[in-house]
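Participant:
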Amino acid sequence: MSLLSVAGSGLLSQSLQLDTISNNIANVNTPGYASVGATFEDNLTQVYGQSPLTEGLPDRQTAAGLWLGDGAHAVFNRESFANGSTLQTQDPLDMAVVGDGFFTVGLSGGRVGYTRAGHFIESQDAKTGTAFLALPDGSPVLSTSGQPLDMTGVNASTVSVAPDGILTGVTATGTPVRIGQLGLAYVSHPGSALYSVGNSVYALNPGYAVTTNGTPGAPTSLFGQVKGSMLEGSNVNLNQQMSQLVQTQQAYEMSSDAINIANKMMGLEDQLS
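Structure (structure tokens):
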């Protein structure tokens, strides 16, 4: 493969890396955002000048032929689900998981989504008038039974959550009510098992299964605890991202320079031929 093609693949790879880093930096203050890392691998390597006559000669220390790489390409983006720091808020419907559990939410088509972004609102079913705990886009937050948490008649400002995920509130008449218990999920190897469906919500890749569905408990439990009036911040390491940004920009410029050099070399070749 020509220098022009190899440099071009490098330019494309670094461009994708720049997009990934820029997206991470842009979401440094987004609650529950999981930082993304781009993964690359070498293209197929071509072997030139390999002769069977030279195979196995005494004292040979290198492989036969000239091995030339064909550049690199992006394989996939993978999220890091390391816990972010928790932030205090004044909203009783803000909740954070302290541990490795995920909130479960209802998605279209009967699917279940998983999120660490606990900025919830009170939403309402337009047909039935039923109020329920939801994501800002209206997706219902699910209970331990896999059903939406019914908040009908409850004053949202009175809602509180216990460490075990039990939600309580007070009606307009001052009556205390038990809304339900948040259902959490523990996902083994979430970086491989989950893919993003947008807004810090994830779904399971085919072939993977949630290790356990259950309830919050002790801080050392599989799911962790739920904290009210708190949000988990993004887990983006800004210093690390800025360092990678500088390195990637330099690599991008080097690939661009290589393309210019290859173009000049081809021009000289045309003049000499």
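Numbering-wise (the numbering used here), the sequence shown opens with residue 125 and increments by one. Idealized CB from N, CA, C, for every residue including glycine.
Judging by CA-CA distance, which residue of Leu136, Pro330, Ser269 is the nearest neighbour of Gly289?
Facilitator: Ser269
Participant: Below 8 Å CB to CB, which residues in the same chain sit around Thr213 once its five sequence neighbours on both sides are set aside?
Facilitator: Ser353, Met354, Leu355
Participant: Report the rounded CA-to-CA distance for Gly287 versus Phe256, giving the unit in angstroms.
Facilitator: In the sequence as displayed, the identity of residue 287 is Pro instead of Gly. Approximately 20 Å, taken between the alpha carbons.
Participant: Specify whether the segment 224-241 and the segment 273-288 touch according to this definition: at least 3 beta carbon pairs, one from each stretch, less than 8 Å apart.
Facilitator: no
Participant: Is it true that the CB of Ser263 sits closer than 7 Å to the CB of Gly230?
Facilitator: yes
Participant: Quick check: the segment 314-321 against the segment 361-377, are there 3 or more CB pairs under 8 Å?
Facilitator: no
Participant: Can you tell me which of Gly161, Gly341, Thr299, Gly242 puts its alpha carbon nearest to the alpha carbon of Asn323?
Facilitator: Gly242
Participant: Which one or two residues does DSSP pair with Pro272 in a beta bridge?
Facilitator: Leu266
Participant: Indicate the three-state DSSP secondary structure (helix, strand or coil) for Gly307 in the structure shown.
Facilitator: Correct three-state label for Gly307: coil.
Participant: Tell me which residue opens and which closes the beta strand (DSSP E) that Val350 is part of.
Facilitator: 349-352
Participant: Does DSSP put Asn329 in a helix, in a strand, or in coil?
Facilitator: coil
Participant: Compare the Cα-Cα distances from Gln271 to each of Phe227, Glu393, Gly298 and report the closest residue.
Facilitator: When Phe227, Glu393, Gly298 are compared, the shortest CA-CA separation from Gln271 is found for Phe227.
Participant: Quick one: Cα of Val325 to Cα of Gly391, how far?
Facilitator: If I take the Cα positions, the gap works out to 51 Å.
Participant: Using 10 angstroms around the beta-carbon of Ser397, count the other beta-carbons present and answer buried if the total reaches 16, otherwise exposed.
Facilitator: exposed
Participant: Let's test the definition: count the other Cβ atoms within 10 Å of the Cβ of Gln138 and tell me whether it reaches 16, buried, or not, exposed.
Facilitator: buried
Participant: Relative to the C-alpha of Val222, which candidate in Ser232, Glu393, Gly208 has its C-alpha closest?
Facilitator: Nearest option by C-alpha distance: Gly208.
Participant: Go through its chain and collect everything with a Cβ distance to Pro260's Cβ below 7 Å, but skip five positions before and after it.
Facilitator: His243, Ile245
Participant: Count the other C-beta atoms from every protein chain shown that fall within 10 angstroms of the C-beta of Asp394, then say buried if there are 16 or more, exposed otherwise.
Facilitator: Around the C-beta of Asp394, fewer than 16 other C-beta atoms lie within 10 Å, and the residue is accordingly described as exposed.
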